[in-house]
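K.L.:
Quick note: the sequence shown uses the UniProt record's numbering, first residue 1, plus one each step.
Beta carbons: idealized from backbone N, C-alpha and C, even for Gly.
One structure, pasted below without further comment.
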Amino acid sequence: PTFVDMDAPAHTQQRGLVEPSFDLAAVRTPAMRSLIQTEIDAALKNFKQKGDKGAVVDFNTEFAQPVVTNIIYHILGIPHRDQDYLNQCNAVRTSASATSGEAASANKDLVAYLHRLVESKAASEPTNDFISTLVHKHVRAGELDMEDAAQVTFLMLVAGNATVV
1 PTFVDMDAPA HTQQRGLVEP SFDLAAVRTP AMRSLIQTEI DAALKNFKQK GDKGAVVDFN
61 TEFAQPVVTN IIYHILGIPH RDQDYLNQCN AVRTSASATS GEAASANKDL VAYLHRLVES
121 KAASEPTNDF ISTLVHKHVR AGELDMEDAA QVTFLMLVAG NATVV
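Here it is as structure tokens:
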């Protein structure tokens with residue numbers, strides 16, 4: 001279970017572990033501002049190019065989703081090479097046209113991927129991303145176990161993407 005399914009004090013403790021990665025101080029760093037601006041500029045360029053070709057351009061699909069998703073991936077520490085795969089899993093698991101079996105399979109694949117990524121981050125040198133901080137600071141301190149770290153990462157990923165769906 002993740003902190004959204006918990007009551008205090010467990011909820012407060014787990015929420016306190018994730019807040020520093022998403023609070024105003026984290027977002028207002030020069031590096032994060034630069035990343036946000038780069039993502040916005042790229043999405044606007046793509047949006048304009050498609051519009052200039054006479055295509056109907058959906059704001060949510062062509063701008064909001066890529067901007068938010070890419071920023072969430074960066075904060076979490078999702079490798080760029082895996083992002084298309086995660087986009088595909090997330091699209092299937094949230095699609096109204098997917099069968100319940102397809103959605104469940106995509107969800108299972110996404111959770112399994114995040115477990116592997118958490119394990120990989122734990123076995124690597126610490127980096128400046130959410131997952132690495134979670135495992136190197138909080139799992140090693142006994143505040144979370146690896147399962148909790150994967151579940152919290154899943155929550156942050158789907159919650160971040162759900163803000164634009």
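Can the beta-carbon of Gly77 be found less than 8 Å from the beta-carbon of Asp129?
P.N.:
Translated into the one-based positions of the sequence shown, residue 77 becomes position 77. Translated into the one-based positions of the sequence shown, residue 129 becomes position 129. Taking 8 Å as the Cβ cut-off, Gly77 and Asp129 qualify as a contacting pair.
K.L.:
Nearest-angstrom Cα distance between Arg15 and Ala55?
P.N.:
For the purposes of this step, residue 15 is taken as the residue at position 15 of the sequence shown. For the purposes of this step, residue 55 is taken as the residue at position 55 of the sequence shown. When rounded, the distance between both Cα atoms is 43 Å.
K.L.:
Quick check: the segment 86-94 against the segment 115-135, are at least 3 beta-carbon pairs closer than 8 Å?
P.N.:
No, because fewer than three Cβ pairs between the segment 115-135 and the segment 86-94 fall closer than 8 Å, the two stretches do not touch.
K.L.:
Is the beta carbon of residue 166 sitting closer than 8 Å to the one on Ala112?
P.N.:
Any answer about residue 166 is impossible in this case: the structure gives the chain only from 1 up to 165.
K.L.:
Within a Cβ cutoff of 6 Å, which residues of the same chain sit near Asp41, ignoring the five residues on either side of it in sequence?
P.N.:
Translated into the one-based positions of the sequence shown, residue 41 becomes position 41. For Asp41, where only same-chain residues beyond five positions count, there are no Cβ hits under 6 Å.
K.L.:
Report buried or exposed for Leu24, applying the criterion of at least 16 other Cβ atoms within 10 angstroms of its Cβ.
P.N.:
Position 24 of the sequence shown holds residue 24. Classification for Leu24: exposed.
K.L.:
Where does Arg28 fall in DSSP's three states?
P.N.:
Position 28 of the sequence shown, counted from the first residue, corresponds to residue 28. Arg28: coil per DSSP, three-state reduction.
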